[in-house]
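Peer 1:
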Amino acid sequence: MAHPEGTATAFRNRATGQTLTLRPAARFFERYLHIPREHLADAGSEVLTLPEAEVFEVAATP
Numbered sequence: 001m002a003h004p005e006g007t008a009t010a011f012r013n014r015a016t017g018q019t020l021t022l023r024p025a026a027r028f029f030e031r032y033l034h035i036p037r038e039h040l041a042d043a044g045s046e047v048l049t050l051p052e053a054e055v056f057e058v059a060a061t062p
């Protein structure tokens, strides 16, 4: 399966109107795509320890 280009989350600062859009980092997607269901809890715990840059990449900023 290819990187989910359509998967992204946009955050908007209501005070300034500035928007930041993040998507899963390519490495994150590749690493966790095929985790067996019985290992999801362990993988989730592992994700919580990862640096932000290993989980997200900036998709767009105005």
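Each residue of the sequence shown is one higher than the last, beginning at 1 in this note's numbering.
The beta carbon of each residue, even a glycine, is placed where N, CA and C say it ideally should be.
Predicted model only: the values in this text are computed from it and were never measured.
Taking only runs that begin and end inside the segment 10–35, name each unbroken beta strand (DSSP E) of 3 or more residues, in chain order.
Peer 2: 19–24, all fully within the segment 10–35.
Peer 1: Going by the beta-carbon positions, is the gap between E5 and A25 smaller than 9 Å?
Peer 2: If you number the sequence shown from 1, residue 5 lands on position 5. If you number the sequence shown from 1, residue 25 lands on position 25. Result no, Cβ atoms of E5 and A25 do not sit closer than 9 Å.
Peer 1: Could you give the distance in angstroms between the alpha-carbon of R12 and the alpha-carbon of T21?
Peer 2: The sequence position of residue 12 within the sequence shown is 12, counting from 1. The sequence position of residue 21 within the sequence shown is 21, counting from 1. Each residue's alpha carbon lies about 9 Å from the other.
Peer 1: Taking the beta strand (DSSP E) that E57 falls in, what are its first and last residues?
Peer 2: Position 57 of the sequence shown, counting from 1, holds the residue named residue 57. Note, E57: beta strand (DSSP E), 56–60.
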